[in-house]
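Written below as structure tokens is the structure these notes are about.
2 protein chains.
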Amino acid sequence: MKTKAIILNNYPKFTPSSKDVDCISIQLDNFPSETVLIRLLFLSVDPYMRNRLRPEGTHYIKPLEIGKPIISMGIGEVIESKTVKFKSGDLVIGMFPWQEFAVINANAAKPIRQTTLPITTQLGILGYPGLTAYIGINKIAKPLPGQTIFISSAAGAVGSLAGQLAKIHGCHVVGSTSSQEKINYLIDYYHYDTAFNYQQYREDYASAIKKYCPHGIDINFENVGGKLLEAVIECLNLQSTIVLCGAISQYNSQNPRQGPNNFHKLNSKNAKLIGYIVTDYDHLFDEFQQYIIDQYLKGKINYHETIINGLGNAWSAFIGLFDSKNIGKMLVKI
Amino acid sequence: MKTKAIILNNYPKFTPSSKDVDCISIQLDNFPSETVLIRLLFLSVDPYMRNRLRPEGTHYIKPLEIGKPIISMGIGEVIESKTVKFKSGDLVIGMFPWQEFAVINANAAKPIRQTTLPITTQLGILGYPGLTAYIGINKIAKPLPGQTIFISSAAGAVGSLAGQLAKIHGCHVVGSTSSQEKINYLIDYYHYDTAFNYQQYREDYASAIKKYCPHGIDINFENVGGKLLEAVIECLNLQSTIVLCGAISQYNSQNPRQGPNNFHKLNSKNAKLIGYIVTDYDHLFDEFQQYIIDQYLKGKINYHETIINGLGNAWSAFIGLFDSKNIGKMLVKI
Chain A
51 MKTKAIILNN
61 YPKFTPSSKD
71 VDCISIQLDN
81 FPSETVLIRL
91 LFLSVDPYMR
101 NRLRPEGTHY
111 IKPLEIGKPI
121 ISMGIGEVIE
131 SKTVKFKSGD
141 LVIGMFPWQE
151 FAVINANAAK
161 PIRQTTLPIT
171 TQLGILGYPG
181 LTAYIGINKI
191 AKPLPGQTIF
201 ISSAAGAVGS
211 LAGQLAKIHG
221 CHVVGSTSSQ
231 EKINYLIDYY
241 HYDTAFNYQQ
251 YREDYASAIK
261 KYCPHGIDIN
271 FENVGGKLLE
281 AVIECLNLQS
291 TIVLCGAISQ
301 YNSQNPRQGP
311 NNFHKLNSKN
321 AKLIGYIVTD
331 YDHLFDEFQQ
341 YIIDQYLKGK
351 INYHETIING
361 LGNAWSAFIG
371 LFDSKNIGKM
381 LVKI
Chain B
51 MKTKAIILNN
61 YPKFTPSSKD
71 VDCISIQLDN
81 FPSETVLIRL
91 LFLSVDPYMR
101 NRLRPEGTHY
111 IKPLEIGKPI
121 ISMGIGEVIE
131 SKTVKFKSGD
141 LVIGMFPWQE
151 FAVINANAAK
161 PIRQTTLPIT
171 TQLGILGYPG
181 LTAYIGINKI
191 AKPLPGQTIF
201 ISSAAGAVGS
211 LAGQLAKIHG
221 CHVVGSTSSQ
231 EKINYLIDYY
241 HYDTAFNYQQ
251 YREDYASAIK
261 KYCPHGIDIN
271 FENVGGKLLE
281 AVIECLNLQS
291 TIVLCGAISQ
301 YNSQNPRQGP
311 NNFHKLNSKN
321 AKLIGYIVTD
331 YDHLFDEFQQ
341 YIIDQYLKGK
351 INYHETIING
361 LGNAWSAFIG
371 LFDSKNIGKM
381 LVKI
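The listed protein sequences derive, respectively, from chains A and B.
At the far end of the first sequence sits residue 384, using the numbering used here, and the numbering has no gaps.
At the far end of the second sequence sits residue 384, using the numbering used here, and the numbering has no gaps.
Here's what the structure looks like:
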């Protein structure tokens, strides 16, 4: 049996481009026991994937292999099963190759938990992006009512939920994003108190932050890095916390990248900076999903999906993450 | 009554120089009630003072005033008292002006606690440098036996104690310093397991750290910043902690200073970076002093003082901190 697949040609040097992958037809693997044949329904594209597109990978995840399919979180339907764990028609979730059909080890697939929310949310607010926001806010930042939290890349899959979680804690929630449309979304839909378009400040981000956070920043949920992080450090209050979730502004750079030149002020401001790898918190998945569902049912959490159609468009959906194309979770429907 | 005083002329732009101060004779202030006249015995010079030599100061301490005496921690003897709190002959400690004699508010002076150690240690291992090491190691890093700790500026007043405290916790203790003499001190006297001279590595500090920390760094007690901190980040293990105590390599720079360009790896290494201001921990002073004295009496802690003679040499003692002139605590004997 043959299937369409998105194959990695090379590691992009800077911003990923269409030349980095090919969409070709491949022969499906053997179909031994303890595997399932699945039809892919949805694929997730996420910024962290950029870190798998380097020969060195990172400390928590191996690089993707050149000549092999791209891999990401996805949802599939079991077509044929050679394990007692799954039967035809089951919906499964896992790290799946970018193919229309794939043979998957039974251990690499999990059954999808049925909830009141659509299954696509298992790749978004009920999946790793959601867990990332939940751990960062509820377990690491632990914000107090009245604190000012500043969230960069606020309208993305993680930032949009992080802001709502902070709002549930009673924070003053401020976001940065890339368009007026997204500002409106943040305020009207994601419960942010206020937000600004960083592109209007020509790298004088400190002015923007001072204007929108007149009492300074108590907590920074950081997704961007670079010059924006420098401005954040300028505006930190004493005893503040930076939750270092990501640094998307740096992902497409070669070394040397840009470190905040006012880094030493983390000392004189008595500040804490905490990095984390979300998969270290897998054991909290049930607690997390229940919390999100409860808050959703109370009307405290909204979500939005940007859905791109067709496996052939999956790579451009991924590239779009670095071009601010998404509001909320970016997904590919196969 | 007149006294000699060291007066600040200007804020140094880069490394402090002899032109920044004048040694002149000044008229002593009035001597109202609730003050004491003291004779200065010892003054402390410490790297943090560089941050008071900028018009903006820092978040935790005001700038020193141009045209006024330098101020630092010091020990004095009460010559005449206009308060019931002190009597002639008492030894007091506090933030004192760089003068041979000074009139001090009674509230700004504290009696010196008599211990089995000489009074000068109240400016060193039993004073703020000691508290800085104690808080950083015992309260923030909380190291576990077998962990590798890397301490930069290891032979200074803070680093030399921090290493010994980490050794008490059972760590593998590695330091960087600026000469073979200091390496010998670190290993023979301060209980470090090993140490290297960073000047021999021409900014390829990562090679040095990899050689001396073959299992990577679990805890970094950071005093230097700059390129050395970048090398530290490269060598951090997963779930590691940076205790950001200081950044002496950056103190004499104007903006823009140098941030670690691999900063984003704190995220993928699941690392924590914690800044702190030692004066926030004043309430732990008694507990801290008792701990240090106990460990000293057990032979677990050594200390060393580099003592410069004469008020007129105090400023060059301070400058010497940036030129690696001291082993252990740098003091000025008046």
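Glycine residues also receive a C-beta, built at the ideal position from the N, C-alpha and C atoms.
When the Cα atoms are used, what is the spatial distance from residue i to residue j?
i      : j      : result
Y184/A : H354/A : 17 Å
D96/A  : G370/A : 10 Å
T356/B : S226/B : 19 Å
V128/A : I88/A  : 4 Å
F81/B  : P147/B : 15 Å
R61/B  : Y98/B  : Here the sequence assigns Tyr to residue 61/B, which means Arg is not the residue at that position. Looking at the two C-alpha atoms, the distance is approximately 14 Å.
A191/B : L58/A  : 42 Å
G177/A : S257/B : 40 Å
P161/A : A216/B : 47 Å
E272/B : R252/A : 33 Å
D344/B : T165/B : 11 Å
D72/A  : I56/A  : 6 Å
A364/A : S94/A  : 9 Å
N302/A : L236/B : 42 Å
K375/B : Y331/B : 29 Å
P195/A : C263/B : 43 Å
Q308/A : A152/B : 48 Å
Establish whether the CB of residue i and some CB of chain A are separated by less than 8 Å.
i      : result
F200/B : no
N311/B : yes
L288/B : yes
Q300/B : yes
L294/B : yes
K261/B : no
K112/B : no
A297/B : yes
G275/B : yes
So does residue i have its beta carbon nearer than 7 Å to some heavy atom of the ligand ATP?
i      : result
L173/B : Only the bare structure without any ligand can be found here, which leaves the ligand ATP out of the picture.
In chain order, what residues of the same chain have a beta carbon less than 6 Å from the beta carbon of residue i, not counting five sequence neighbours either side?
i      : result
V274/B : S202, S203, I298 and S299
C221/B : P193, Q197 and I199
E280/A : P310 and N312
K322/B : T291
N359/B : K383
L286/B : I267, K319 and A321
D243/B : H222 and V223
L211/B : I175, G180 and A183
I143/B : I125, K160, I162 and Q172
T108/B : N101
Apart from the five residues just before and just after residue i, which ones in its own chain have a Cβ nearer than 8 Å to its Cβ?
i      : result
M145/B : I121, S122, M123, G124 and A158
G325/B : L294
K52/A  : S75, I76, Q77 and L78
Tell me, please, whether the CB atom of residue i is closer than 8 Å to any CB atom in chain B?
i      : result
L173/A : no
A216/A : no
N101/A : yes
R307/A : yes
L316/A : yes
G209/A : no
A258/A : no
A79/A  : What sits at residue 79/A in the sequence shown is Asp, not Ala. Not closer than 8 Å to any Cβ of chain B, the Cβ of D79/A fails to qualify, so no.
Could you work out which residues of chain E lie near residue i, taking near to mean beta carbons separated by less than 7 Å?
i      : result
K319/B : The structure shown has no chain E; the protein chains it does contain are A and B.
Leaving out five residues before and five after residue i in sequence, what residues of the same chain have Cβ atoms less than 7 Å from its Cβ?
i      : result
K350/A : Q214 and I218
Q230/A : N247
D373/A : none
I111/A : N101 and R102
H265/B : T198
P105/A : Y61 and P113
Is residue j closer than 8 Å to residue i when the C-beta atoms are compared?
i      : j      : result
E284/A : N312/A : yes
E84/B  : N188/B : no
I377/A : K232/A : yes
I169/A : L141/A : yes
L278/A : Y255/A : yes
F64/A  : G180/A : no
L114/A : L381/A : no
S138/A : E130/A : yes
F136/B : V208/B : no
Fully enclosed by the region 92-156 of chain B, which beta strand (DSSP E) runs are 3 residues long or longer?
-> 121-131, 141-147 and 151-155
Which full runs of the alpha helix (DSSP H) of 4+ residues lie inside the region 166-234 of chain B, going along the chain?
-> 178-184 and 207-218
Enumerated in chain order, which unbroken segments of the beta strand (DSSP E) with a length of 3 residues or greater are wholly contained in the region 256-335 of chain B?
-> 267-272, 286-294 and 322-325
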